[in-house]
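All residue numbers for the sequence shown refer to the numbering used here, where the first residue is 1121 and numbers rise by one. All C-beta atoms in this analysis are idealised placements derived from N, C-alpha and C, irrespective of residue type, glycine included. Here the structure is a predicted model, which means the values were calculated and not measured. Here's the structure, in structure tokens; my notes come after.
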Amino acid sequence: MRSALRSSCAWREWRGATNMAAEPDLDRLRRLVTELMMIPGLSGYEGRVRRRLARELDSLGIASRTDRLGNLIATLAGNNASPSVMLFAHMDQLGFIVRKIEADGVIRVERLGGVPERALPSQAVLLSIEEGKDVPGVIANKSHHATAPDEKYRVVPYPELYIDTGFGSAEEVLSAGIEIGTPAVYAPKAITMAARRISGTSVDDRAGWAVMIEAARRLKTISRRPNVHLVFSVQEEFNLRGAVTAAQALKPDIAIQLDIILASDTPDMTGRGEVRLGGGPAMSLYSFHGRGTLNGTIPHPALVQLMTATAKEENLTLQRSAHVGALTDSSYVQLVGEGVAAIDLGFPTRYTHSSLEVCDLGDLEELAQLTVASIAGINEEFSLDRDNYGQ
Ligand SMILES: [Zn+2]
């Protein structure tokens, strides 16, 4: 097996020029994740979040553009002789679309994305119309005093649920700007918890964006590295294919995707794996969607080797994840052109797709470190020839 990792002198160059003090980095990440989680951005309606991210890139002196599907793309020019890298995270979040407005003003919705039905009653939601005109609402939960014994432990299917906005008629709802097709999301929330942990409505994948921004800040200062395309992709929670148009246009050799990795250190996740929240960044060795979509990602061996060696060199603990039940848009990106060498990197996350997911800022910071150092380790000799790797 040939080593995929050269001496990461370019990474040292950045590190030498920068104060690696952890707390300011963590504070910056905390501020960014918290702010980003407060911006609604349902799949297909990523405009507000995209504009916020474009501003953030702009403040780093990085120009960006938007493709017709809505992906935000920026390129950090580097060495053309090295394999090019597409580093991406999805901008969108899951939620709902208004399906029907009843005469009494009650709103029925369709699910968009993997919305957990059993966690919906009593949730606060936000009907997303436009900045300054959004309408808050609550998903009704039948009055407990009127709940019959056989209803107590039943999950209410989403078609039976309804949103109460306070309006008493369809006319009032319509005049507030809500109509069939209006997007809605969990009411944005961000909670600072103990031990560097934060919770919020869309840790998936706002925390991934924050890591991307942090990585971009550092990659920009490294002169010897490959071309890096930053892609903030759309519609991942909807159909997992938003990033494909960006990959088709950019034709990267390598795709590194940043997203949640299921933490399995809570009592309800025993047996699902060994990923600990706060235990460091993680890479996925196998993902597959066991509920219909015959797709998933088995990472390219060169990238597994690169990440493993980089983590060791950087003194980072790299956790490993392999499971059925979730997948990311890397599964489609890897199929573009003659194939893109792909890997999913991530940060451990608890309570995924609920309105209050939890992640750890230390994991995010270390994921940024791993991402930057591994990309800095890709040079002209970095081989993507599968025959150079064991099996
Ligand atoms: Zn995600």
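Problem - Check whether residue 1384 and residue 1239 have beta carbons under 8 Å apart - result: On the sequence shown, position 264 is the one that residue 1384 refers to. On the sequence shown, position 119 is the one that residue 1239 refers to. Not in contact: residue 1384 and residue 1239 (Cβ atoms no closer than 8 Å).
Problem - Nearest-angstrom beta carbon gap, residue 1374 and residue 1298 [assumed within contact, 8 Å] - result: For the purposes of this step, residue 1298 is taken as residue 178 along the sequence shown, with counting starting at 1. For the purposes of this step, residue 1374 is taken as residue 254 along the sequence shown, with counting starting at 1. Their Cβ separation, rounded to whole angstroms, is 43 Å, which puts residue 1298 and residue 1374 out of contact at 8 Å.
Problem - Cβ separation of residue 1380 and residue 1469, assumed to be a contact under 8 Å, to the nearest whole Å - result: Translated into the one-based positions of the sequence shown, residue 1380 becomes position 260. Translated into the one-based positions of the sequence shown, residue 1469 becomes position 349. Indeed, because the Cβ distance is near 4 Å, the residues count as touching under 8 Å.
Exercise for the section: Would you check whether ligand 1 has a heavy atom nearer than 7 Å to the C-beta of residue 1464? Expected result: Residue numbering aside, residue 1464 sits at position 344 when the sequence shown is read from its first letter. No, since every heavy atom of ligand 1 falls outside the 7 Å radius drawn around the Cβ of residue 1464.
Exercise for the section: Go ahead and pull the three-state DSSP assignment for residue 1169. Expected result: Your numbering for residue 1169 matches position 49 in the sequence shown. Residue 1169 falls in the helix class under three-state DSSP.
Exercise for the section: Locate the beta strand (DSSP E) running through residue 1268, then write down its first and last residues. Expected result: One-based indexing of the sequence shown puts residue 1268 at position 148. Per DSSP, residue 1268 belongs to no beta strand (DSSP E) and is neither H nor E.
Exercise for the section: Please name the residue in 1253, 1306, 1260 whose C-alpha comes closest to that of residue 1242. Expected result: Counted from its first residue, the sequence shown places residue 1242 at position 122. When each option's Cα is compared against that of residue 1242, the closest is 1260.
Problem - Cutoff 7 Å; reference residue 1236; Cβ partners in own chain excluding five residues on either side - result: Translated into the one-based positions of the sequence shown, residue 1236 becomes position 116. Excluding positions up to five away in sequence, the list reads 1473, 1474.
Problem - Through-space distance from residue 1496 to residue 1122, alpha-carbon basis - result: The residue given as residue 1122 occupies position 2 in the sequence shown. The residue given as residue 1496 occupies position 376 in the sequence shown. Bear in mind that a pLDDT of 37 at residue 1122, under 50, signals an unreliable position, so the model cannot answer this.
Handout entry: Sequence-distant residues of the same chain with beta carbon closer than 7 Å to residue 1149, five excluded per side
Key = As a position in the sequence shown, residue 1149 is number 29, starting the count at 1. So the qualifying residues of the chain are 1330, 1334, 1481, 1484, 1485.
Problem - Residues that residue 1230 bridges to, as DSSP identifies them - result: As a working mapping, residue 1230 is identified with position 110 in the sequence shown. Paired residue(s): 1217.
Handout entry: Within 8 Å, strictly: CB atoms of residue 1348 and residue 1173
Key = The count along the sequence shown starts at 1 and reaches residue 1348 at position 228. The count along the sequence shown starts at 1 and reaches residue 1173 at position 53. The answer is no: Cβ separation not under 8 Å.
Exercise for the section: Count the CB pairs spanning the stretch 1214 to 1225 and the stretch 1458 to 1467 that are closer than 8 Å, and state whether there are at least three. Expected result: no
Exercise for the section: Using beta-carbon positions only, say whether residue 1378 and residue 1493 come within less than 8 Å of one another. Expected result: Taking the first residue of the sequence shown as 1, we reach residue 1378 at position 258. Taking the first residue of the sequence shown as 1, we reach residue 1493 at position 373. Against a cut-off of 8 Å, the Cβ pair of residue 1493 and residue 1378 comes out as no contact.
Practice task
Indicate the three-state DSSP secondary structure (helix, strand or coil) for residue 1287 in the structure shown.
Solution key: Translated into positions along the sequence shown, residue 1287 becomes position 167. Of the three classes helix, strand and coil, the one that applies to residue 1287 here is coil, per DSSP.
Handout entry: Touching by the beta-carbon criterion (3+ pairs, under 8 Å), the stretch 1388 to 1401 and the stretch 1303 to 1317
Key = yes
Practice task
Go through its chain and collect everything with a Cβ distance to residue 1491's Cβ below 6 Å, but skip five positions before and after it.
Solution key: One-based indexing of the sequence shown puts residue 1491 at position 371. Only 1335 meet the Cβ criterion.
Problem - Start-end ranges of the beta strand (DSSP E) lying completely within the stretch 1305 to 1334, minimum 3 residues - result: 1310 to 1312, 1317 to 1320
Problem - 8 Å Cβ cutoff met for residue 1389 and residue 1438 - result: Counting from one through the sequence shown, the residue named residue 1389 turns up at place 269. Counting from one through the sequence shown, the residue named residue 1438 turns up at place 318. No.
Handout entry: Span separating the alpha-carbon of residue 1144 from that of residue 1151
Key = Along the sequence shown, one-based indexing puts residue 1144 at 24. Along the sequence shown, one-based indexing puts residue 1151 at 31. Spanning the two alpha carbons is a distance of roughly 11 Å.
Handout entry: Host beta strand (DSSP E) of residue 1403 (start-end)
Key = As a first step, residue 1403 must be located in the sequence shown, where it is residue number 283. From DSSP, the beta strand (DSSP E) with residue 1403 extends over 1402 to 1408.
Exercise for the section: State the DSSP-derived secondary structure class of residue 1299, mapped to helix, strand or coil. Expected result: The residue you call residue 1299 lines up with position 179 of the sequence shown. In this structure, residue 1299 counts as coil in the three-state DSSP scheme.
Handout entry: Contact the stretch 1338 to 1346 vs the stretch 1424 to 1437: 3+ CB pairs below 8 Å
Key = no
Practice task
Within the same chain, show all residues whose beta-carbon is closer than 8 Å to that of residue 1504, passing over the 5 residues directly before and after it, in chain order.
Solution key: Walking along the sequence shown from the start, residue 1504 turns up at place 384. Hits under 8 Å: 1203, 1373, 1374, 1420, 1422, 1461.
Problem - Secondary structure of residue 1441, DSSP reduced to three states - result: Walking along the sequence shown from the start, residue 1441 turns up at place 321. Strand.
Problem - Sequence-distant residues of the same chain with beta carbon closer than 8 Å to residue 1301, five excluded per side - result: Residue 1301 sits at position 181 when you count from the first residue of the sequence shown. Counting only Cβ-Cβ distances below 8 Å, and skipping sequence neighbours, we find 1217, 1218.
Problem - DSSP three-state assignment for residue 1463, whether helix, strand or coil - result: Sequence index remark: in the sequence shown, residue 1463 carries index 343 (1-based). In the structure shown, residue 1463 sits in a strand (DSSP, three-state: E or B).
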